[in-house]
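So the protein sequences, as listed, match chains Y and W. Counting the first sequence from 1 gives a position; our numbering is that position plus 650. Here our numbering is used: position 92 in the second sequence is 82, and no number is missing along the way. This report refers to the structure that appears directly beneath it.
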Amino acid sequence: MSEQPSTERHASPRYGLVLIGLIVLTAIEVGVSYLTGGLKIGLLLTLAFVKAALVVLWFMHLKFDSRLYAVMFILGLVLIAPLVIFLIVTTP
Amino acid sequence: MNNELEHGHEAYVPQRENTKVGFWVFLSGEVILFGVLIGSFLLFKSHHADEFAEATAGLSIPLIALNTFILIFSSFMVVRALEALRNGSLKGLRNNLIAVLVLGALFLGGQAFEWMQLYNEGIWFDSAFGTPFLTTTGIHGSHVFIGLLWVIFILLGIRKNAYSKTRFHGVEVFGLYWHFVDVVWIVLFTVFYLL
């Protein structure tokens, strides 16, 4: 295998804080799941979105990498999100 | 251009970037795959609300929450593995990846236990709940399994000096895959178990 040139590095974010955030948010999610009604759905979807964003932006480095990668990723979400959101909202 | 042709290793830079771009395109396709699976689950749920309510009441949230913690923690270990490699520590890379291997296996063990529980309760692929639930969690589980094979491949590569402080892109792309599998589980945990 040929030697690859190193890419420019950003300052390492505090991954430990991201991990703690993900664990705390998951625990909150479990607590929220015992609620009922529209508030429960809204809170759970918001918490899941924040958790997914934490992983994608920090662990997957999308916050620091080329915007092209973000466009690729968002393209898939744009194509599928309307279907999933519609089904979540209309599911009894 | 001439410079790139004369110095082959310089032409490697765009090739490497292409790999990463290509992998993000692959992940975009995976978003659509899992989006369709989640959509199917919700569609089944809207037509069999009573059966879903009964089946989800029997799911063990503490067990799945533990499994979620395990997968999130494994993602953190992948980050640490890449950081170790970029700091030149092959030992750190190896140790963190072994932790990922153990955590991933624990996750699959938890999922297998859940599937056995469902089977004993009469929920399998032929039921309205089992069809979308087991198909989606099964496809996700197969992604975890493939990820574990990938970890073993990297561990073997370490023995052959395939990675170094400047040769980290194979591990970086694996990291993208593993974190994506984690993101999918974050969504499945919410939509399938908590909503």
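Where a beta carbon is used, it is the ideal one built from N, C-alpha and C, also for glycine.
W/N151 counts as exposed, since fewer than 16 other beta carbons sit within 10 angstroms of its beta carbon.
Counting only Cβ-Cβ distances below 8 Å, Y/F723 has contacts in chain W at W14, L17, S18, V21, in chain order. Taken through DSSP and simplified to helix, strand or coil, W/E111 comes out as coil. From the listed residues W/G78, W/G120, W/L87, the smallest Cα separation to W/L49 is found for W/G120. Against Y/K701, the close residues of chain W are I176, in the order they occur along the chain (beta-carbon pairs closer than 7 Å).
Secondary structure at W/K10: helix, using DSSP grouped into helix, strand and coil. Fully contained in the stretch 46 to 109 of chain W are the following alpha helix (DSSP H) runs of length 4 or more, in chain order: 51 to 76. W/V90 is the residue among W/I113, W/E162, W/V90 whose C-alpha sits nearest the C-alpha of W/V134. Apart from sequence neighbours up to five positions away, the residues of its chain that approach Y/L672 with a beta-carbon distance below 8 Å are K701, L704, V705, ordered along the chain. The shortest C-alpha to C-alpha distance from W/P122 to any of W/S36, W/S79, W/W14, W/M67 is the one to W/S36. Here W/W168 is near W/G137, since their CB atoms are less than 7 Å apart. In the same chain as W/D172, and ignoring 5 residues on each side of it, the C-beta atoms closer than 6 Å to its own belong to L61, S65, in chain order. With its beta carbon less than 7 Å from one in chain Y, W/G25 belongs to the interface. Listed along chain Y are L669, L672, I673, T676, K701, V705, each with a C-beta nearer than 9 Å to that of W/I62.
If you check the CB distance, Y/I730 and W/I129 do not come in under 7 Å.
The continuous alpha helix (DSSP H) containing Y/F736 extends over residues 717 to 740. For Y/A677, the enclosing alpha helix (DSSP H) has its first and last residue at 665 to 682. Cβ proximity to chain Y below 7 Å picks out I51, A55, T58, F59 from the stretch 48 to 59 of chain W.
Rounded to whole angstroms, W/F97 and W/N57 show a C-alpha spacing of 5 Å. For W/D116, no alpha helix (DSSP H) encloses it, and the DSSP letter there is neither H nor E.
W/S154 sits in coil when the DSSP states are folded into three classes, being neither helix nor strand. Assignment of W/G29 by DSSP, reduced to helix, strand and coil, places it in the helix class. The beta carbons of W/F13 and W/L139 sit no closer together than 7 Å.
In the DSSP annotation of this structure, the continuous segment of the alpha helix (DSSP H) that includes Y/V700 starts and ends at 688 to 704.
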